[in-house]
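Student: Here this note's numbering is used: the sequence shown runs in plain steps of one and ends on residue 454.
Heads up, the beta-carbon is just placed ideally off N, CA and C, and yes, glycines get one too.
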Amino acid sequence: MNLPNSSISSSDPLAPPRRRERLTLFVWVVIWLLVIDISVGLLFAYPSDPRETNPGAASLYFDYGRSMEGRLRRATRAYPDQSAPITTAGWYEPLEAGERLEKPGGVEVTVYGMSHAVRLAEALHEVSPRYEVRSIGAPGATTNWAYGAFLRDPKRAESEVAVLAIMSSTLPMILSPAPMNWNTSFALPYTADRYVLLKGGELQAIKPPYESFAEYVRTLNDPEAWEVALDQFAQTDPFFDPFLFRQTVFDNSTLFRLVRRAWSQKRDRAWREQVLTAQGYDPESEAVRTANAIVADFARKARREGILPVIYIVDSFGYGDQLSRSLSETLAKDSIPYISTHRVVDPSNPSGYLPDSHFTDRNDRKIASALERLIDRELEPQPILQAP
């Protein structure tokens with residue numbers, strides 16, 4: 067009697083068609099993923115009106131990974147009053163200053179930087195009976211933007227004091243001329259100067275392809291001009307990433323947007339860890355060297371115009387005093403006055419910060435009082451020494 071041959075049992079018409087089952091299972095998984103993807107997109111659709119600033123937490127969450135180009139086109143219209151408010155902030159042209167009430171016999175102070183700097187300006191104006199405080203700021207502004215604003219400020223010579231802000235959590239982004247390339251959470255189309263260190267230690271400023279809302283809208287709506295602008299960003303901005311920036315058909319997929327969002331967060335963490343963390347900083351990194359050069363150049367130019375330069379060092383939660391350490395040599399060598407927030411607010415204590423990374427109102431006032439005392443000392447007339 068011949069026994070059945072197991073080597074040919076797979077040809078038995080009654081054997082289960084495993085390959086077909088796996089293929090069927092795969093097809094159904096894909097179908098259900100598509101159903102879930104489309105359903106989530108419909109249920110939590112982001113508002114089409116660019117003026118809508120409160121889309122809801124779920125809609126905001128599932129939209130986070132949309133390409134930056136897709137966000138910009140959705141948020142931008144021909145005129146500022148029709149576009150998303152965030153697209154109209156931070157432009158160099160025109161440079162908008164926050165003016166506050168004059169004080170009898172007051173001394174004017176101008177603060178340049180991000181929203182943390184604007185909050186400091188408000189607090190200083192509140193706590194000081196002497197200082198009249200202007201502020202020129204942009205959402206998430208890095209120090210290269212702030213320095214460019216100082217250089218473009220037509221009224222800077224009217225101030226006796228200029229305060230330039232720098233923040234630890236965005237120090238690596240000092241190399242970026244466009245926050246839309248690194249801040250993947252918000253569509254911020256404003257631009258900044260890109261500073262490059264030359265061999266002799268001098269700074270060379272590369273101007274952005276557009277500096278006003280009107281120029282931006284014209285560029286965005288002109289395919290050729292837009293490609294030229296993006297090519298400049300690709301060459302000058304280490305944060306420019308076509309995968310994160312370019313609009314594709316996959317922008318319509320909530321699942322793909324989540325993947326893109328995860329990649330952007332991983333990339334940003336890697337950038338920060340290469341430059342500055344709570345454990346230390348890399349003094350040879352381009353970001354640290356550029357930051358020191360900007361601080362020194364700002365102080366020289368301000369003093370040349372009879373303005374007292376002050377550096378406002380914002381120590382973000384969890385970063386310790388590493389930013390102060392990374393600038394300490396330049397600050398000491400050039401005798402540049404500065405205030406570092408870690409001396410007022412413990413950067414390891416979350417209670418000193420708001421959920422959006424700003425200091426609490428109370429801590430802003432404490433920092434402002436420390437700044438007031440610093441400026442008082444620096445502006446105090448120095449005694450004239452008599453020759454023997």
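1) Rounding to the nearest angstrom, what Cα-Cα distance links Tyr197 and Phe322 in this structure?
2) Taking DSSP as the reference, what is the three-state secondary structure of Val193?
3) Compare the Cα-Cα distances from Leu203 to each of Leu186, His191 and Glu192 and report the closest residue.
4) Count the other CB atoms, across all protein chains shown, that sit within 10 Å of the CB of Phe309; report buried if there are 16 or more and exposed otherwise.
5) Within the continuous alpha helix (DSSP H) that includes Thr209, where are the two ends?
6) Would you mind stating whether Ala228 and Pro349 have Cβ atoms separated by less than 9 angstroms?
7) Residue range of the beta strand (DSSP E) that Val341 falls in?
8) State buried or exposed for Gly206, treating a residue as buried only when at least 16 other CB atoms are found within 10 Å of its CB.
9) What would DSSP say about Ser242, mapped onto helix, strand or coil?
10) Which residue or residues does DSSP assign as beta-bridge partners of Phe425?
11) By Cβ distance below 8 angstroms, which residues in the same chain neighbour Leu393 in space, the five residues on each side in sequence not counted?
12) With distance defined between alpha-carbon atoms, name the residue in Asp259, Ser251, Asp363 and Glu290 nearest to Phe311.
13) Who are the near neighbours of Tyr158 in its chain, counting only those whose CB is closer than 6 angstroms to its CB and skipping five residues on each side?
14) For a minimum of 4 consecutive residues, which ranges assigned as the alpha helix (DSSP H) are wholly contained in the stretch 263-311?
15) By alpha-carbon positions, which one of Glu224, Ser133, Met134 and Arg137 ends up nearest to Val177?
16) Quick check on the DSSP output: the beta strand (DSSP E) that includes Ile405 runs from which residue to which?
17) Just verifying my parser: in three-state terms, what is the DSSP assignment at Glu198?
18) Could you spell out the range, first to last residue, of the beta strand (DSSP E) harbouring Glu174?
19) Taking just the CA atoms, how far does Asn415 sit from Arg391?
20) Who are the Cβ neighbours of Pro275 in its own chain at under 6 angstroms, not counting the five residues just before and after it?
21) Would you list the residues sitting across from Pro146 in a DSSP beta bridge?
22) Starting from the Cα of Lys273, find the closest Cα among Glu339, Val262 and Val325 and give me that residue.
23) Using the Cα positions of Thr302 and Arg369, report the straight-line distance between them to the nearest angstrom.
24) Using 8 angstroms for Cβ pairs, my map puts Ser406 next to Asp422. What's the rounded Cβ distance?
25) Could you give the residue range of the alpha helix (DSSP H) that holds Ala141?
26) I'd like to know whether the C-beta atoms of His191 and Leu167 end up nearer to each other than 9 angstroms.
27) Using the rule of at least 16 other Cβ atoms within 10 Å of the residue's Cβ for burial, across every protein chain shown, is Asp442 buried or exposed?
28) Over what stretch of residues does the beta strand (DSSP E) that includes Leu230 continue unbroken?
29) How many angstroms separate the CA atom of Gly131 from the CA atom of Ala328?
30) Short check: CB of Ala344 to CB of Gly386, under 9 angstroms?
31) Is Leu89 helix, strand or coil when you go by DSSP?
32) Can you name the residues that DSSP bridges to Ile379?
33) Whole angstroms is fine: what's the gap from Ser417's alpha carbon to Thr236's?
34) Quick one: measure Cβ to Cβ for Asp259 and Asn210, integer angstroms, because I've assumed they're closer than 8 angstroms.
35) Is Gly179 buried or exposed, if buried means 16 or more other CB atoms sit within 10 Å of its CB?
36) What does the Cβ neighbour count give for Asn287, buried or exposed, with the cut at 16 atoms within 10 Å?
Tutor: Short version:
1) 51 angstroms
2) helix
3) Reading off the sequence, residue 203 comes out as Gly, not Leu. Checking every option, the nearest Cα to that of Gly203 belongs to Leu186.
4) exposed
5) Thr209 to Arg218
6) no
7) Segment Thr320 to Val341 is the alpha helix (DSSP H) holding Val341; no beta strand (DSSP E) there.
8) buried
9) coil
10) Tyr419
11) Ile232, Ala357, Asn358, Val361, Ile377, Ile379 and Tyr404
12) Ser251
13) Arg218 and Glu277
14) 279-286, 289-302 and 308-311
15) Glu224
16) Tyr404 to Ser406
17) strand
18) Val173 to Gly179
19) 20 angstroms
20) Ala295 and Gln298
21) DSSP lists no partner for Pro146.
22) Val262
23) 30 angstroms
24) No, Ser406 and Asp422 are not in contact; Cβ-Cβ is about 21 angstroms, not under 8 angstroms.
25) Met134 to Ala141
26) yes
27) exposed
28) Val227 to Met233
29) 8 angstroms
30) yes
31) helix
32) Ile232 and Ser406
33) 21 angstroms
34) 6 angstroms
35) buried
36) exposed
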